[in-house]
Amino acid sequence: RVVALIFTFALLVPQIFVLAQPHTARYCGAHLFELLIVSIVFTFCMIGFSSLFSIMEPTPWEVKVAFHIFGGISFFVGVLLGIFTLKAEECRGSTEALYYFSMAAAILSVLSICFLIVMLPFWIVNHIRKNSVLDLNYRDGICYEPVSCCSCLWHI
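Here it is, written out as structure tokens:
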């Protein structure tokens, strides 16, 4: 739990570093600066959710619903970040640190989206046919062996 909190706080370091650069506030027509601010706000929200999930067991359904809404909005912001970064070639020279941070964040967003695309069918099948994909109580299901090695994949 402590490691997860340290990791989430560590995500703030590059964002605040880029924000503190004097040339970051220069004009960039692709709205990368605004997306950096949104990214920092979302990181604080993620820290809050990480804290709630590590403290509350079992997690109330209201927190789960709020987390899924946050995830949907984060998905949308990640797609926007990718689109704006691809169109921000002119910002490479004027706001270099902001451009490269946005490029790295866009790549991480694409990787997250790919992970969700891979995991989504398993979550849907397990919801439709209860415990057919993973049943931890009976140590059964088509994904039991991989998840027993890395259980964090299933609970995302």
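Under mature numbering (1 follows the signal peptide of the UniProt record, and there is no 0), the letters of the sequence shown match residues -20 to -1, 1 to 136, in that order. The C-beta atom is built at its ideal place from N, Cα and C for all residues, glycine as well. Note that the structure is predicted; figures quoted are calculated from it, not measured.
Residue i versus residue j: straight-line alpha-carbon distance, rounded
i, j, result
"Thr(-13)", "Phe56", "20 Å"
"Ser19", "Arg109", "36 Å"
"Val(-18)", "Ser34", "11 Å"
"Val(-8)", "Thr4", "15 Å"
"Val90", "Met99", "14 Å"
"Val105", "Leu96", "14 Å"
"Leu(-16)", "Leu88", "19 Å"
"Gly51", "Gly73", "32 Å"
Residue i (DSSP reduced to helix, strand or coil)
i, result
"Lys110", "coil"
"Thr(-13)", "helix"
"Cys94", "helix"
"Tyr79", "helix"
"Gln1", "coil"
"Pro(-7)", "helix"
Start-to-end residues for the alpha helix (DSSP H) that takes in residue i
i, result
"Lys44", "Trp41 to Leu66"
"Met26", "Leu12 to Ile35"
"Cys71", "Cys71 to Ser74"
Integer-rounded CB distance, given that residue j should sit under 8 Å from residue i
i, j, result
"Ala86", "Val(-3)", "Contact doesn't hold; Cβ gap of about 14 Å is too wide."
"Ala68", "Leu12", "6 Å"
"Thr75", "Cys8", "5 Å"
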